[in-house]
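Colleague: Here the sequence shown stands for residues -33 to -1, 1 to 108, numbered as in mature numbering (1 follows the signal peptide of the UniProt record, and there is no 0).
C-beta atoms are modelled at their ideal positions from N, C-alpha and C, and glycine is treated no differently.
Encoded as structure tokens, here's the structure I'll be asking about.
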Amino acid sequence: MAPPQLPSSAVHALRALVVLLLLLLLTPPLTPGTTCPTPTSVEHADIRVKNYNVNSRERYVCNSGFKRKAGTSTLTECVLNKTTNVAHWTTPNLKCIRDPTLARQRPVPPSTVVTPRATPEPKSPSPPGKGVSPHSSKTIA
């Protein structure tokens, strides 16, 4: 009598289970405390990292006067390279471009209005009682 055969779906499930177990056994364990280094800098953007642990996600912020170019992302994630067991941030594809709404605005020129200063009149060097009469240009003697 021949041994009973497993249905093909059970054979595939068993093979998948064996492969999964092998992967788990061969994957180096995550070293406790594995963290990412400082993220890559992005032109015209800043990032404030709150968590450097593996699987943490952070977002870049475009600087004032710039905005995110459509189709790019502010997101980066701390991931573990399973081959080298080294953590690193995913490569950001963010592009910060000059904010086009600001380019259409004309800069306001600095004020050209001159505020008059009150300057005291110079004291007359002539003795009291002598000088120029306010009603004529002749000198009083």
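1) Between Pro67, Ala12, Lys17, Arg65, which has its C-alpha nearest Cys3's C-alpha?
2) Going by DSSP in three states, Arg(-19) sits in which element: helix, strand or coil?
3) Once the 5 residues before and after Leu42 are set aside, which same chain residues still bring their CB inside 7 angstroms of it?
4) Around the Cβ of Ala54, are there at least 16 other Cβ atoms within 10 angstroms (buried) or fewer (exposed)?
5) Quick one, which of Ala(-18), Pro(-27), Thr57, Glu10 has its alpha-carbon nearest Phe33's?
6) Does DSSP put Leu47 in a helix, a strand or coil?
Modeller: According to the structure shown:
1) Within the sequence shown, residue 3 is the residue found at index 36, counting from 1. When each option's Cα is compared against that of Cys3, the closest is Lys17.
2) Along the sequence shown, one-based indexing puts residue -19 at 15. Reduced to three states, the DSSP call for Arg(-19) is helix.
3) Within the sequence shown, numbered from 1, the residue matching residue 42 stands at position 75. Here the set comprises Arg24, Arg26.
4) The residue you call residue 54 lines up with position 87 of the sequence shown. So Ala54 counts as buried.
5) Translated into positions along the sequence shown, residue 33 becomes position 66. Checked all of Ala(-18), Pro(-27), Thr57, Glu10; the closest Cα to Phe33 is Glu10.
6) Stepping through the sequence shown from its first residue, residue 47 is reached at position 80. Leu47 falls in the strand class under three-state DSSP.
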